[in-house]
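Going line by line, the protein sequences match chains A and B. Read left to right, the first sequence gives residues 966 to 1133 (the numbering used here). Read left to right, the second sequence gives residues 966 to 1133 (the numbering used here). First the structure, in the form of structure tokens, and then the observations on it.
Protein chains: 2
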Amino acid sequence: MVTDGPEHTERPAALAFSTENCQVAAAMRVLGERGTIVVLREVFNGVRRFDDIQQHSGLARQVLSDRLARLVEHAILRRVPYRPEGGGRARLEYRLTAKGLELYPVLAAVADWGARHYASPDGPPVELAHRGCGAPVHAALVCEAGHAVEDPREVAPRPGPGARRRAS
Amino acid sequence: MVTDGPEHTERPAALAFSTENCQVAAAMRVLGERGTIVVLREVFNGVRRFDDIQQHSGLARQVLSDRLARLVEHAILRRVPYRPEGGGRARLEYRLTAKGLELYPVLAAVADWGARHYASPDGPPVELAHRGCGAPVHAALVCEAGHAVEDPREVAPRPGPGARRRAS
């Protein structure tokens, strides 16, 4: 619950529920290793080949290899053969699956926050543009009734269908 | 560039630009350690005290202590004194700063994706609700012209004001 009001004396309601099946924790077990989001940045930006990703991201080869394998294992990326421009044997590049494409709001939200707080004085090096109209694209909170949620304090977590009471 | 069309023979445009000042990488240097997003989940859910966060998240005490210190150092969380219910000396709890609150779209986007792909059969344990109307809240892509971006393929990255050519 995003509040910053007077001191509460009640225990937070969330503590009554288990986190063992938490979807945030589950997602972060897949995405939360160092470098994984940067690898996804590269592929979302059209950089798909191992050597290109390695040089552009600066990740160590073994780290990159490990992160790519995990993203393929989780069907976020898939390997597609290509034939190098200069000829030679077919090699593999990495493309987003439908499940991987669904991570774009995560990447956009990280980019928005990073641009706001960690950009160099000249601004962020990349922005996302709407192909249809050219306007910058951001990640925003919206509710299913169609309201834009301007302030996170308008949002309250509540138990979902998979909520389980915590053994105490 | 989010495309999945015919084999390209051109080099990806992104490779011409440096990633040294990338806002995604900068953000992930702060957020990308194991457990950090789970710690933020706890605080966004109103769980603010060290022992509560530790027990609810299952993170090791040393890991949690380290993550909290880094989040405070980056002014994402701030420490606020409280007096325990049973009396005794004042202790500290962790609250989101304005900069921390701005991470809610990141958390919501991770939760959405996790709920879609990693929820248990009965569904996710937590959902986000709009206080105003009760409808579920999600992270969505929107452009500054007000268009909802339904498909990530409608988004193209482009060089921003801080783009720097890469030394080759």
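We put the beta carbon where it would ideally sit given N, CA and C, even for glycine. From a predicted model like this one, the values you see are computed outputs, not experimental measurements.
Query	Result
Local conformation of R976(A) per DSSP, three classes	coil
Rounded Cβ spacing between L1057(B) and R1006(B) (contact assumed at less than 8 Å)	About 19 Å separates the two Cβ atoms, so there is no contact after all.
Minimum Cβ-Cβ distance from V1037(B) to chain A less than 9 Å	no
Residue environment, D1016(A), which counts as buried when at least 16 other CB atoms sit within 10 Å	exposed
Beta-carbon gap between G1079(B) and A990(A) smaller than 9 Å	yes
E1092(B) - partner residues in DSSP beta bridges	R1123(A)
The stretch 1116–1128 of chain A touching the stretch 1083–1092 of chain B, judged by at least three CB pairs closer than 8 Å	yes
Cβ neighbour criterion (16 or more within 10 Å) applied to Q988(B)	buried
C-beta atoms of R1118(A) and L1068(B) nearer than 9 Å	no
Assigned exposure category for P971(B) - 16 Cβ within 10 Å defines buried	Summary for P971(B): the model assigns pLDDT 44, below 50, so the residue's position carries little reliability; its value from the coordinates is reported in the next sentence. P971(B) should be labelled exposed.
Cutoff 6 Å; reference V1003(B); Cβ partners in own chain excluding five residues on either side	S1022
9 Å Cβ cutoff met for P1070(B) and P1101(A)	no
Residues near R999(B) in its chain [Cβ-Cβ closer than 8 Å; skip 5 each side]	V1028
Under 9 Å between C-beta atoms of H1112(B) and C1098(A)	yes
Euclidean distance between Cα positions of V995(A) and T1062(A)	15 Å
Option nearest R1032(A) by Cα separation, candidates E1050(A), G997(A), A1121(A), V1012(A)	G997(A)
Beta-carbon proximity of L1093(A) to V1120(B), cut-off 9 Å	yes
Span separating the alpha-carbon of R1131(B) from that of R1131(A)	52 Å
Cutoff 9 Å: Q1019(B) Cβ touching any chain A Cβ	no
Beta-carbon proximity check, A1076(B) vs A992(A), cutoff 9 Å	yes
Span separating the alpha-carbon of V1037(B) from that of Y1059(A)	37 Å
Residue-chain proximity (G1011(B), chain E), Cβ-Cβ < 9 Å	In summary, chain E is missing from the structure at hand, where the protein chains are A and B.
Residue from P1090(B), V1008(B), H1103(B) whose Cα sits closest to the Cα of C1108(A)	H1103(B)
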